[in-house]
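Step one of this worksheet: look at the structure below.
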Amino acid sequence: MGSPKEMHPLLADLFKRPDLEVLTTSSTAWADIRPTYVIDNPARPLAIARPRNASEVSDFVHAARRHGVKISVRGGGHDVFGRSIAEGCLVIDMRKMKTIEIAQDRETATLGGGVLIGDVIETLASQKLTTPFGYIPTIGYAGWAMMGGYGWLAPRFGLGVDQIQRARVVTWQGDIIEADSELLKGIRGAGGNFGIVVELGIKIYPFEKAKIQATVRKYFSGYNAMTKSPFGAVSPFWYPKRDMSGWMFAVNFAWSSPDMKAGRQYLGQLAALGDAADTSLVKEMTPTELINLIVSWTPGRVYGFEACNGVSFAKVTERAADVVGEFLAKLPVDSANVLLIHEMRGPSAEPDPGSCFGARLPHSVMELVGITINPDNVKTSTQRYRELYGALHGTGDALGVTYASLTQTRDTDTSQLFGKEHQFVMDLKNKYDPEGVFDNTEPRLRP
Ligand SMILES: Cc1cc2nc3c(=O)[nH]c(=O)nc-3n(C[C@H](O)[C@H](O)[C@H](O)COP(=O)(O)OP(=O)(O)OC[C@H]3O[C@@H](n4cnc5c(N)ncnc54)[C@H](O)[C@@H]3O)c2cc1C
Numbered sequence: 001m002g003s004p005k006e007m008h009p010l011l012a013d014l015f016k017r018p019d020l021e022v023l024t025t026s027s028t029a030w031a032d033i034r035p036t037y038v039i040d041n042p043a044r045p046l047a048i049a050r051p052r053n054a055s056e057v058s059d060f061v062h063a064a065r066r067h068g069v070k071i072s073v074r075g076g077g078h079d080v081f082g083r084s085i086a087e088g089c090l091v092i093d094m095r096k097m098k099t100i101e102i103a104q105d106r107e108t109a110t111l112g113g114g115v116l117i118g119d120v121i122e123t124l125a126s127q128k129l130t131t132p133f134g135y136i137p138t139i140g141y142a143g144w145a146m147m148g149g150y151g152w153l154a155p156r157f158g159l160g161v162d163q164i165q166r167a168r169v170v171t172w173q174g175d176i177i178e179a180d181s182e183l184l185k186g187i188r189g190a191g192g193n194f195g196i197v198v199e200l201g202i203k204i205y206p207f208e209k210a211k212i213q214a215t216v217r218k219y220f221s222g223y224n225a226m227t228k229s230p231f232g233a234v235s236p237f238w239y240p241k242r243d244m245s246g247w248m249f250a251v252n253f254a255w256s257s258p259d260m261k262a263g264r265q266y267l268g269q270l271a272a273l274g275d276a277a278d279t280s281l282v283k284e285m286t287p288t289e290l291i292n293l294i295v296s297w298t299p300g301r302v303y304g305f306e307a308c309n310g311v312s313f314a315k316v317t318e319r320a321a322d323v324v325g326e327f328l329a330k331l332p333v334d335s336a337n338v339l340l341i342h343e344m345r346g347p348s349a350e351p352d353p354g355s356c357f358g359a360r361l362p363h364s365v366m367e368l369v370g371i372t373i374n375p376d377n378v379k380t381s382t383q384r385y386r387e388l389y390g391a392l393h394g395t396g397d398a399l400g401v402t403y404a405s406l407t408q409t410r411d412t413d414t415s416q417l418f419g420k421e422h423q424f425v426m427d428l429k430n431k432y433d434p435e436g437v438f439d440n441t442e443p444r445l446r447p
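To convert, note that position 94 of the sequence shown is 94 in UniProt numbering; the numbers rise steadily by one, no gaps.
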């Protein structure tokens with residue numbers, strides 16, 4: 001700020017009002033406030049005014065008019081030519097006017113003239129609401145919407161201009177008016193040409209993320225209907241989101257043929273079974289890299305010695321998928337909790353007279369992993385996974401045959417486990433372990 005003698009009369013006038021914030025090149029905040037997204041616009045404005053409400057905007061307009069100084073209006077500063085700052089003008093920087101109010105009917109919101117797109121979207125999202133928006137959160141909402149407002153949701157809800165329902169405007173004479181239909185029409189496309197918009201009323205919409213239950217159901221019903229390739233192995237699983245706010249449902253995918261084009265096509269079919277599936281993690285790797293990747297996700301030491309169990313299904317039916325989906329809709333217990341599904345088909349599902357392994361039919365084993373990292377979570381997790389186990393059996397779709405490695409001893413029925421080979425196994429046990437030296441072995445053949 002220069003001495004009062006050299007000072008521009010507009011500034012001298014404005015500085016009589018200590019309640020108004022006005023920056024000049026000598027202000028310490030100038031270096032932070034002056035830059036726009038494109039920083040090399042050489043224009044040297046007289047000053048930057050930072051109003052907090054419509055009445056202060058009006059005061060600035062009155063003062064600028066009195067002294068014949070032109071105004072430029074700055075919102076988010078994302079004009080790609082930096083045109084919100086003009087030579088010798090008073091810049092009205094709207095960024096302090098950033099209120100966002102959602103109407104009770106949740107169909108409209110009232111925005112301050114300087115609010116940024118990111119704040120609008122975040123506030124609406126916290127109330128499960130949304131509205132069309134441009135690509136960058138730091139764009140000013142008014143500057144974006146009034147000039148057109150292209151964005152992701154335009155095909156569904158229209159452009160930014162189509163969201164504007166009402167506007168409060170400070171006119172060239174400094175009057176604060178509610179825009180009539182004629183002025184609104186101008187604002188919807190010709191931006192700030194007719195005044196400074198201090199408030200915008202916009203349309204907002206309900207926004208709900210895809211429910212995890214629906215995702216799980218869609219995946220399994222689609223997968224059951226797919227023509228399977230012997231080279232494509234999938235292993236659906238769940239794990240808690242990093243912030244522990246819910247579960248992610250995901251699918252491990254392995255392709256074991258050198259025909260990568262076919263592999264990518266197969267992966268594409270699988271991805272289409274998910275909502276917004278991200279396949280970017282899938283890449284070519286050796287078996288060693290694969291197991292090293294999996295181990296990097298696996299906790300080294302865990303608690304919950306009774307927390308796991310296994311259930312097998314000929315295929316994961318709609319009822320079983322719904323049980324999984326309902327479980328996932330609840331909050332997580334611990335970041336070590338997981339579910340994995342191993343699918344057996346092709347040669348792994350064909351009978352082999354040289355083996356007593358009983359589960360020789362196409363099937364999927366659900367590995368219910370209720371283990372925890374935090375010992376305080378063991379009790380709850382064990383109980384919830386027990387309930388899950390019961391609910392999966394309650395569908396009536398589970399197979400009698402289980403996978404002994406993953407099933408609790410009390411839930412393993414060896415006659416079901418070995419089926420027609422059961423007698424052979426018992427006879428062999430009596431022959432090779434008549435005194436029960438090896439009775440502490442799973443699956444337990446003797447009570
Ligand atoms: C990185 C980047 C990404 C972009 N992405 C998109 C996109 O996805 N979709 C899209 O449609 N556009 C996009 N744009 C263009 C952008 O929407 C426009 O340039 C918009 O005008 C920027 O508004 P602003 O408030 O951020 O910018 P500013 O430079 O502050 O303002 C631009 C002009 O808007 C007017 N204005 C702003 N606020 C008011 C107000 N309250 N009252 C009166 N006039 C006002 C003024 O005339 C001002 O000069 C993008 C721009 C950039 C730089």
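C-beta atoms are modelled at their ideal positions from N, C-alpha and C, and glycine is treated no differently.
Note that this is a predicted model, so its numbers are computed, not measured.
Beta-carbon gap between residue i and residue j smaller than 8 Å
i           : j           : result
residue 112 : residue 134 : no
residue 142 : residue 69  : no
residue 219 : residue 300 : no
residue 130 : residue 204 : yes
residue 216 : residue 188 : no
residue 149 : residue 137 : no
residue 253 : residue 270 : yes
residue 454 : residue 168 : No answer is possible for residue 454: it lies beyond the span of the chain, which begins at 1 and ends at 447.
residue 67  : residue 23  : no
residue 154 : residue 87  : no
residue 110 : residue 199 : yes
residue 325 : residue 164 : no
residue 414 : residue 442 : no
Rounded Cβ spacing between residue i and residue j (contact assumed at less than 8 Å)
i           : j           : result
residue 84  : residue 74  : 4 Å
residue 71  : residue 64  : 5 Å
residue 114 : residue 97  : 4 Å
residue 247 : residue 328 : 4 Å
residue 403 : residue 257 : Incorrect: roughly 27 Å between the Cβ atoms, too far for contact.
residue 398 : residue 406 : Not confirmed; about 13 Å, so no contact.
residue 372 : residue 365 : Incorrect: roughly 22 Å between the Cβ atoms, too far for contact.
residue 395 : residue 319 : 4 Å
residue 343 : residue 234 : 7 Å
residue 119 : residue 33  : 18 Å between Cβ atoms; not a contact.
Pick from the options that is closest to residue i, judged by C-alpha positions
i           : options            : result
residue 40  : 155, 81, 312       : 81
residue 261 : 240, 247, 231      : 231
residue 50  : 42, 369, 17        : 17
residue 91  : 103, 145, 30       : 30
residue 195 : 432, 146, 124, 371 : 146
residue 46  : 19, 241, 8         : 8
residue 170 : 26, 192, 237       : 192
residue 357 : 215, 340, 128, 423 : 423
residue 226 : 250, 268, 325      : 268
residue 117 : 210, 34, 344, 139  : 139
residue 166 : 360, 412, 292, 186 : 186
residue 59  : 15, 104, 180, 157  : 15
residue 412 : 207, 251, 241, 444 : 444
residue 223 : 251, 374, 177      : 251
residue 241 : 418, 6, 26, 338    : 338
residue 104 : 177, 206, 19       : 206
residue 176 : 409, 57, 322, 266  : 57
Buried/exposed call for residue i, threshold 16 Cβ in 10 Å
i           : result
residue 304 : buried
residue 2   : Legend: pLDDT at residue 2 = 46, less than 50; position of this residue unreliable, value from coordinates given subsequently. The residue in question, residue 2, is exposed, as its Cβ has fewer than 16 Cβ neighbours within 10 Å.
residue 430 : exposed
residue 435 : exposed
residue 244 : exposed
residue 295 : exposed
residue 36  : buried
residue 473 : Nothing in the structure corresponds to residue 473, since the chain is present only between 1 and 447.
residue 401 : buried
residue 298 : exposed
residue 381 : buried
residue 238 : buried
residue 264 : exposed
residue 438 : exposed
residue 354 : exposed
residue 428 : exposed
residue 259 : exposed
residue 316 : buried
residue 61  : buried
residue 174 : buried
Proximity test, residue i beta-carbon vs ligand 2 heavy atom, cut-off 7 Å
i           : result
residue 136 : With respect to ligand 2, the structure shown offers nothing to examine, as its ligands consist of ligand 1.
### Query
Touch check for the region 382-396 and the region 297-314: three-plus C-beta pairs under 8 Å?
yes
### Message
Across the region 278-289 and the region 337-351, are there enough close Cβ pairs to call them in contact, namely three or more that are closer than 8 Å?
### Response
no
### Touch test, the region 318-332 against the region 275-283, Cβ-Cβ under 8 Å, three pairs minimum
no
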